[in-house]
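Numbering (this note's numbering), first residue to last: 4 to 136.
Using N, Cα and C, we set each Cβ at its ideal position, and we do this for glycine too.
For reference, the structure discussed in these notes is given below.
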């Protein structure tokens, strides 16, 4: 932030029930397989079925506070790649997690670990106005 520099710009998959090419539907409900919007704080790193992953804690009531209970984490996925897009004409889908390309996940997790703020945005929800007013 101090240098106003973008460190990473990458593909991120959205939840399989959030939409096809673009995410258009969001949920905080268990088993919705949808992405959740809003502010998060990063939790601990653990090794799961997708390798090193980063737990997320949602901070906005009604939007994402069930993230930890839902198992919404940042993780690597083979379905988040240019090769997958070429083969399937779109990115793959997660179960609601912000899934990243395998080759940059470790770097991203190391940058964000330790109680960093993460914001997941969509223009259909005006979080900024809600916070400012």
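When the five nearest sequence neighbours on each side are left out, the beta carbons in the same chain lying within less than 6 Å of the beta carbon of residue 33 are those of 73, in order along the chain. Comparing C-alpha distances from residue 111 to each of 5, 7, 6 and 15 shows the shortest one belongs to 15. Exclusion of the five residues before and after residue 84 leaves 104 as the residues of its chain whose Cβ lies within less than 6 Å of its Cβ. The bridge partners DSSP lists for residue 48 are 57.
Residue range 120 to 123 is occupied by the beta strand (DSSP E) that includes residue 122. In this structure, the alpha-carbon of residue 41 lies about 8 Å from that of residue 61. Put simply, the backbone Cα of residue 26 is about 10 Å away from that of residue 124.
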